[in-house]
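Undergrad: I have a structure I would like to understand better, so I am pasting it below and will then ask my questions one at a time.
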DNA sequence: GCGTCCAGGTCTACC
DNA sequence: GGTAGACCTGGACGC
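Residue numbers (my numbering): 3 to 308.
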């Protein structure tokens with residue numbers, strides 16, 4: 003089944019898909035040549051579908067086409083459209099951000115590429131779990147942990163076309179029903195296991211409502227403290243999660259960011275984080291996004307050849 | 001093939 | 001408030 007979704011005029015699908023590493027983590031998959039993003043969607047009706055998102059070829063080119071693996075009723079169609087809009091940040095306003103970028107010649111490229119929309123998951127829970135899985139390890143290990151979570155705890159889906167088994171991202175109940183030992187040994191989460199277990203159990207017991215973070219109208223500092231209250235989520239993870247929640251006041255500096263900043267701005271010479279913070283402070287409430295644009299600029303120019 | 005070392009954020013205990 | 005050490009894994013490296 004094919005669905006059509008309108009997008010803002012400055013929206014760029016490729017820039018959004020490859021805005022960071024999420025597109026490489028299950029249950030996302032992507033096709034760089036065809037410029038499409040595919041993921042399993044676990045609908046509230048209980049139906050599981052595969053949805054491929056790609057550009058709709060029209061004269062105005064301001065729409066997306068979503069190809070689903072099976073027909074959907076009107077309620078399900080509405081849910082799929084809403085999830086796609088949420089993941090691709092289609093309802094978030096970037097006019098002010100692009101206006102700010104247009105004041106700085108080193109960022110002229112940002113509005114031209116329609117960059118700045120950071121891909122996010124179906125749920126905040128999925129984003130938080132994945133973010134914990136990025137901490138203190140290589141990207142390869144992050145991929146292993148997320149793959150194990152999906153394949154060992156996610157709901158199964160069989161595509162009628164390929165017959166290949168695919169797996170959803172597990173819900174909090176699925177993780178809460180396991181043990182620390184299982185998460186350590188089977189998921190390879192290591193010391194992160196108790197953090198994942200505690201978060202999932204708190205959600206199941208309704209002690210914490212992290213899905214509300216996407217719509218909460220509270221100051222960023224307050225939201226940051228709420229995010230930090232999740233064990234295993236430190237300053238780096240919380241700062242990055244805030245970006246996925248639409249707040250860009252925090253930089254979220256990790257070792258990769260430091261390395262890239264030193265290469266780009268200090269000829270490889272190391273400095274303290276205070277120097278990095280001072281550099282991006284000029285961008286005010288957008289500083290976290292300007293940092294990310296600045297340090298990933300080469301992706302757009304070379305690696306992904308946008 | 002095996003052992004050792006290192007990188008990668010966060011938590012906790014301690015000062 | 002700042003700091004040191006532990007946590008765990010995969011990968012690099014030397015033997």
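Quick reminder that beta carbons are idealized off the backbone N, C-alpha and C, glycines included.
Hey, how far is the Cα of residue 158 from the Cα of residue 205?
TA: Rounded to whole angstroms, residue 158 to residue 205 spans 22 Å at the Cα level.
Undergrad: Taking the alpha carbon of residue 41 as the point to measure from, which residue in 49, 156 and 30 has its own alpha carbon closest?
TA: The option with the nearest alpha carbon to residue 41 is 30.
Undergrad: If you scan the stretch 64-110 from start to end, which runs of the beta strand (DSSP E) of 3 or more residues do you find wholly inside it?
TA: Here the runs fully enclosed are 65-70.
Undergrad: In angstroms, rounded to a whole number, what distance separates the CA positions of residue 83 and residue 77?
TA: Cα to Cα, the separation comes out at about 10 Å.
Undergrad: Kindly indicate which residue of 112, 236 and 81 has the alpha-carbon position closest to the one of residue 7.
TA: Selected option, being the one with the closest Cα: 81.
Undergrad: Please list the segments of the alpha helix (DSSP H) lying wholly inside the stretch 182-226, counting only runs of 4 or more residues, in order along the chain.
TA: Counting whole runs of 4 or more residues, the stretch 182-226 contains the alpha helix (DSSP H) stretches 182-187 and 195-206.
Undergrad: Is DSSP giving residue 171 helix, strand or coil here?
TA: Residue state, collapsed to three classes: coil.
Undergrad: Going along the chain, which residues of its own chain have a beta-carbon closer than 7 Å to the beta-carbon of residue 141, five neighbours each way excluded?
TA: 23, listed in sequence order.
Undergrad: Would you tell me roughly how many angstroms separate the C-alpha atoms of residue 132 and residue 148, rounded to the nearest one?
TA: Distance between the alpha carbons of residue 132 and residue 148 is about 7 Å.
Undergrad: Taking Cβ to Cβ, would you say residue 301 is nearer than 7 Å to residue 250?
TA: Against a cut-off of 7 Å, the Cβ pair of residue 250 and residue 301 comes out as no contact.
Undergrad: Which first and last residues belong to the alpha helix (DSSP H) in which residue 151 is found?
TA: Residues 141-155.
Undergrad: Please report the Cβ distance between residue 198 and residue 134, rounded to the nearest whole angstrom; I am assuming they are in contact, meaning their Cβ atoms lie under 8 Å.
TA: The pair is a contact, with the Cβ atoms about 6 Å apart (cut-off 8 Å).
Undergrad: In chain order, what residues of the same chain lie with their CB nearer than 6 Å to the CB of residue 20, ignoring the 5 residues before and after it?
TA: Closer than 6 Å at the Cβ level, and outside the excluded window around residue 20, lie 306.
Undergrad: Measuring alpha carbon to alpha carbon, tell me which of 68, 264, 46 and 116 ends up nearest residue 59.
TA: When each option's Cα is compared against that of residue 59, the closest is 68.
Undergrad: By alpha-carbon positions, which one of 265, 217 and 196 ends up nearest to residue 233?
TA: The residue with the shortest Cα to Cα distance from residue 233 is 196.
Undergrad: I'd like the span of the alpha helix (DSSP H) that includes residue 128, first residue to last.
TA: Taken as a continuous stretch (DSSP letters only), the alpha helix (DSSP H) holding residue 128 covers 126-134.
Undergrad: Beta carbon of residue 240, beta carbon of residue 263: below 7 Å?
TA: No; because the gap between Cβ atoms is not below 7 Å, this pair is not in contact.
Undergrad: Grouping DSSP H, G and I as helix and E and B as strand, with all else coil, what is residue 19?
TA: The answer is helix: DSSP assigns residue 19 an H, G or I state.
Undergrad: On a CA-only basis, which of 217, 223 and 151 is nearest residue 188? Give me that one, please.
TA: Residue 151 is the option with its Cα nearest to residue 188.
Undergrad: The alpha helix (DSSP H) that contains residue 245, what's its start and end?
TA: Run containing residue 245: 237-246, per the alpha helix (DSSP H) assignment.
Undergrad: I'd like the list of long-range same chain contacts for residue 96, defined as Cβ closer than 6 Å, with 5 residues on each side in sequence excluded.
TA: Around residue 96: 118.
Undergrad: Keeping to the same chain, check which residues put their C-beta closer than 8 Å to that of residue 213; ignore five residues upstream and five downstream.
TA: Within the same chain, residue 213 has close Cβ partners 125, 126 and 127.
Undergrad: Using only CA atoms, which one of 120, 89, 192 and 286 lies nearest to residue 295?
TA: The residue with the shortest Cα to Cα distance from residue 295 is 120.
Undergrad: For residue 25 and residue 167, I'd like the C-alpha separation in whole angstroms.
TA: Straight-line Cα distance between these residues: approximately 19 Å.
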